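Chains as they are written, first to last, in this note's numbering: chain X, 4 to 201; chain U, 124 to 592. Ideal Cβ placement from N, Cα and C applies to all residues, glycine included. None of these values were measured; they are calculated from a predicted model. Contents: one structure, followed by commentary.
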Amino acid sequence: MRIRSVDRKYAVLLASALAILVAPDIARAQGYPSKFDFGTPASSQDIAAVVAIAIGPDGRNLPPGKGDYAAGKIIYANACSACHGANLQGVAGLRDMPAGASLRLIGGRGTLTTKNPVMTVESYWPYATTLFDYVRRAMPFNAPGSLSADEIYAVSAYILAEGNIIDKTIVLDAQTLPRVQMPNRDGFIPDPRPELFK
Amino acid sequence: MHSTDSERLNTKARAIKEALSRIGEPISEAQAKNIAAQEDCECKDGMFALAATRRQIFAGSGLVAAVGMTVMLPRAAGAKAPAGAVEYPVEDDSTKEQGRMMGVDGGYGSRSQFESEVRWTNPTKSAGFSPLQNSYGTLTPSGLHYERHHGGIPNIDPARHSLVIHGMVDRPIKYSLADLKRFPTLSRTYFLECSGTTGSEIMKAREPTVQRTHGLVSTSEWTGVPLSTLLKQTGLKPGAAWVLAEGADAAVMTRSVPIDKCMSDALIVFAQNGEAMRPEQGYPMRLFLPGWEGNISIKWLRRLEISDKPYYTREETSKYTDLITTTGKSRIFTFTMDAKSVITFPSGEMKLPGAGFYEITGLAWSGRGKIARVEVSTDGGKSWNLASLQDPVLAISQTRFRFPWIWDGTSAVIQSRATDETGYSQPTHQQLIAERGPLETGSLFYHMNAVQSWSIAADGNVKNAHPLG
């Protein structure tokens, strides 16, 4: 069995994986075709209906539009501050909501080496594109998917400027957002497990 | 900004604010205080503790008879049946009258109205913990399987749902549930565990019961189509290295998965324990990545995008990364769930009725393969003895272990330690803290698999105990 167009590393892995998994249950018995006609070709509309939503660190899939701190401040005050707080420090005691401190969006630089780290967009997130992507898919929590691209650029500019990551004059768009340098950009390392405990 | 823009903005903002005021229902002062009181602990990913629930008195069936406790009293007439049960009349003498006719249940059975095990839901209502303390064998009933979600449970009509596979493929294809079911399928019994489970317990004993310390792990038999079969239909373009999986829930949950996992044992699952998968588990279809942290097995799966790079979504950067506080660096893409075990009986908040024989039992599992052995200590880790393992021992599944114990009625600390077939053994809390740094608040200590201790006092009370006090 061979999968077309996979690079060599995966082809090798694949061969062994298929041997383990598919062989006993599918390939062993005679009469299983290798091709199936089930499913329908996905049209560009099918894809467009869901695809535009994922934004990569390189800025891929960022939509047209733009927004700045001033516009973001208004959006934030009305659509975000009820949960995340006027000062972006999170609101405590909201029903069915996480603890206030986990709704905090800024602050916490320099705390990652303490046993009480404050992990926020400002102190922890490696990419600004993730902010756009996440707000676009999941925020505001009570009305996800309700903001326009301009509004998301604007509220991102507001949060990043309040976190002293960008200047209040910067206009965020598909070109400028991926260029934002997040403070913890180099804070991530590959998984070294399994751990060898002493 | 043009003034029309800002007018539009303000109108929209007002609308959102209004919606918010409807949703953000005011809470009572007492409730607010209660929640605020939990604010000191940020370590539970929104799973903060409530005050300990009413003590559950140990009521294992064998011992009930032995010590003559009566816990199975019929419920008062008119009492509401527990979740998952239907209240039926109780015959005075069930041998003297006909029982109820078949079919009165509409053709779908329910459990006894005298059974009331339920998931424990955290105050933010984002996680439901399995009642491990009263679990038997290795399979979790679908209705008690742990659940965790970030935007509620969507109610999806399969007729309106499809899975689109696109990106670096030769042929983008859309699959309906009916399409999926026509493929050759596989059934596998696998555990699933949230990588946040037990994270709250790293520095001290916080949660009272095994349900709340370890309850975000469960085992089901899952049926679906190997993802490799589907990717073979679409073909992969050279350079395809990652797959973005996306759910159709309000969080539009998204994770990046290395393609080698997708081409090996990944499944697109539509059935659980012999019937359609439950909505809490991702109905009508979910990704299932055996042995990996639960969050990445995206539920309500609607899209797989093949790409050359990971997307660094919020759930694989802000969350589900492991901050090493000694260096300030975080491990990213920490997928595998290492070997872990826990004694489910006796466990926190139970009470042993007296000295004598007890069968210590619990569950062990590893994301890296089969459980090779489980050792049990009844003296706080000074000496260890092999427990017997229930056959069959399946890879990436929970294994039930049992150990006979005569309790002498003095205080004791019981523990279990699992070793998997790779030779990896569960660490202690101290070893984990030495390896990854201490973490009091602020984040969750993901992948926390330290040896769990339960202390038994001379009066029989069982409590969550911690080696660091």
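Counting C-beta atoms within 10 angstroms of its own C-beta, alanine 328 of chain U has 16 or more neighbours from the protein chains shown and is therefore classed as buried. For valine 209 of chain U, there is no enclosing beta strand (DSSP E), as DSSP marks it with neither H nor E. The way I'd put it, the region 383-403 of chain U does touch the region 349-361 of chain U; three or more beta-carbon pairs between them come closer than 8 Å. In this structure, serine 453 of chain U places its C-beta atom within 7 Å of the C-beta atom of threonine 444 of chain U. At a C-beta separation below 8 Å, tyrosine 130 of chain X has these neighbours in chain U: Tyr435 and Thr440. If you compare the alpha carbons of U:His570, U:Ala588, U:Tyr231 and U:Phe393 with that of proline 197 of chain X, the shortest gap goes to U:His570.
Counting C-beta pairs with one atom in each stretch, the region 39-55 of chain X and the region 167-186 of chain X have fewer than three that are closer than 8 Å, which means they do not touch.
The beta-carbon distance between glycine 347 of chain U and phenylalanine 411 of chain U, rounded to whole angstroms, is 7 Å. This is short enough to meet the 8 Å contact definition. By the beta-carbon neighbour count (other beta carbons within 10 angstroms, threshold 16), aspartate 302 of chain U is buried. Taking the beta carbon of proline 295 of chain U as reference, the chain X residues within 7 Å of it are Pro44, Ala45 and Ile50, listed in sequence order. Shown here, threonine 357 of chain U sits in a helix according to DSSP, grouped into three states. For the region 551-574 of chain U, the set of residues with a beta-carbon nearer than 9 Å to any beta-carbon of chain X comprises Thr551, Gln554, Leu555, Ala557, Glu558, Arg559, Gly560, Pro561, Leu562, Glu563, Thr564, Gly565, Ser566 and His570, in chain order. Among the residues facing chain U, leucine 108 of chain X is not included, as its CB has no counterpart in that chain under 7 Å away. Comparing alpha-carbon positions, the option among X:Leu134, X:Thr117 and X:Thr114 lying closest to methionine 185 of chain X turns out to be X:Leu134.
Residue pairing by DSSP places glutamine 395 of chain U opposite U:Trp345 and U:Glu398 in a beta bridge. Closest in C-alpha terms to alanine 462 of chain U, from the list U:Ile529, U:Asn508 and U:Thr551, comes U:Thr551. About 6 Å separates the CB atoms of asparagine 587 of chain U and threonine 336 of chain U; that is less than 8 Å, so the two are in contact. Phenylalanine 314 of chain U sits close to serine 520 of chain U, with the two beta carbons spaced by under 7 Å. By the criterion of a C-beta distance shorter than 8 Å, asparagine 278 of chain U is surrounded in its chain by Pro402, once the five residues flanking it on both sides are discounted. Taking 8 Å as the upper bound on Cβ-Cβ separation, chain X lies near residues Thr449, Thr450, Gly451, Lys452, Ser453, Arg454, Ile455, Phe456, Thr457, Phe458, Thr459 and Asp461 of the region 449-466 of chain U.
In chain U, no part has a C-beta under 7 Å from the C-beta of proline 181 of chain X; the shortest such distance is about 11 Å. Leucine 367 of chain U sits in a strand when the DSSP states are folded into three classes.
Within the same chain, Gly260, Thr261, Thr484, Leu486 and Gln513 come within 7 Å of arginine 523 of chain U by CB-CB distance, once the 5 residues on both sides are set aside. For the pair glutamate 498 of chain U and proline 527 of chain U, the CB atoms are not nearer than the 7 Å cut-off.
The region 262-306 of chain U is shown to contain whole alpha helix (DSSP H) runs of 4 or more residues at 300-305, in chain order.
Beyond the five residues adjoining it in sequence on each side, threonine 123 of chain X comes within less than 7 Å, by CB distance, of Arg107, Leu108, Ile109, Gly110 and Gly111 in the same chain, given in chain order. Flagged as an interface residue toward chain X: arginine 305 of chain U, by a C-beta distance shorter than 7 Å.
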